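Worksheet: the structure to be examined is printed underneath.
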Amino acid sequence: MTNWPYNTPGIPDSMFIRGKVPMTKEEIRAVSISKLRILEKDIILDIGAGTGSLSIEASLQAKKGQVYSIERKEEGINLIKENIKKFNVCNIKPIKGIAPIDLENISTVDKAILGGSGGKMREIIIWLSKNLNKNGRIVINTITIENLYKAMKYLKENNFKDIELTQIGVSKGKDLANLTMLKANNPIYIISADKGR
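According to this note's numbering, the sequence shown is numbered sequentially starting from 13.
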């Protein structure tokens, strides 16, 4: 069991149980959680949750809230459960399924993180436009230009406001003989927006 005693996001990647499921890297998680503007009692939806790393980070910010982690792969669901146990959090509910089809038991949420859409980005954003509470907020992480375009287009079509786009490129030091080189990770697009009226 691991406890993260800090009030800041950005848990080191090495602390998570990972398997072969893609995981949002710590610097991207830190910025994504910051952009989400989580309150202590928020109900949060993590779509395409993967290993649950963003769900864990969100649950630590929304200590009196609830996080729903939806993931379509069985391996991902198992990793989410393992990480819940490892970090000793009790406010995450894993859901095996595909958004928005398998969200029928969730009526409203305060915040949403979209890390993987399974080709259903338009449907997910429409669902969120109807099911995000007043002052609701969404953060979308994507690595492809095509999904960036779709996210921006669908957010505008569904009257989200204050749409903000940030690109982050992280390079990390790596030992090379007795020297240090910087090795770049893929750049990530982070789109954040507020629910429109």
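Virtual Cβ for every residue (Gly too), placed ideally from N, Cα, C.
Computed from a predicted model, the values in this text were never measured in an experiment.
Range of the contiguous alpha helix (DSSP H) that encloses residue i
i    : result
V79  : Where V79 is concerned, there is no enclosing alpha helix (DSSP H), although the beta strand (DSSP E) it sits in stretches over 78 to 83.
A70  : 65 to 73
M164 : 157 to 169
L115 : From DSSP, L115 is part of no alpha helix (DSSP H); its letter is neither H nor E.
Close Cβ partners of residue i (< 6 Å) along its chain, the five nearest in sequence each way excluded
i    : result
Y201 : T154, L160, Q179
Neighbour flag for residue i against chain D, beta carbons, 8 Å
i    : result
Y166 : Judged by its chain identifiers, the structure shown contains no chain D, having just a single protein chain.
N- and C-terminal bounds of the beta strand (DSSP E) containing residue i
i    : result
A42  : Here A42 belongs to no beta strand (DSSP E); instead the alpha helix (DSSP H) covers 38 to 48.
E176 : 173 to 180
L194 : 191 to 196
Where residue i falls: helix, strand or coil (DSSP)
i    : result
N147 : strand
D25  : helix
L57  : strand
G127 : coil
Sequence-distant residues of the same chain with beta carbon closer than 8 Å to residue i, five excluded per side
i    : result
R134 : K162, Y166
P199 : I155, Q179, I180, G181
Span separating the alpha-carbon of residue i from that of residue j
i    : j    : result
L66  : V33  : 13 Å
V43  : L126 : 14 Å
I137 : W16  : 32 Å
K123 : L140 : 9 Å
K146 : R84  : 28 Å
K75  : I82  : 19 Å
Same chain, Cβ closer than 7 Å to residue i, neighbours up to 5 away in sequence not counted
i   : result
F38 : With the sequence shown as reference, residue 38 is identified as Glu, and Phe is not the correct amino acid for it. Counting only Cβ-Cβ distances below 7 Å, and skipping sequence neighbours, we find G22, I23, P24, D25.
CB-CB length for residue i against residue j, believed under 8 Å
i   : j   : result
N95 : T63 : 6 Å
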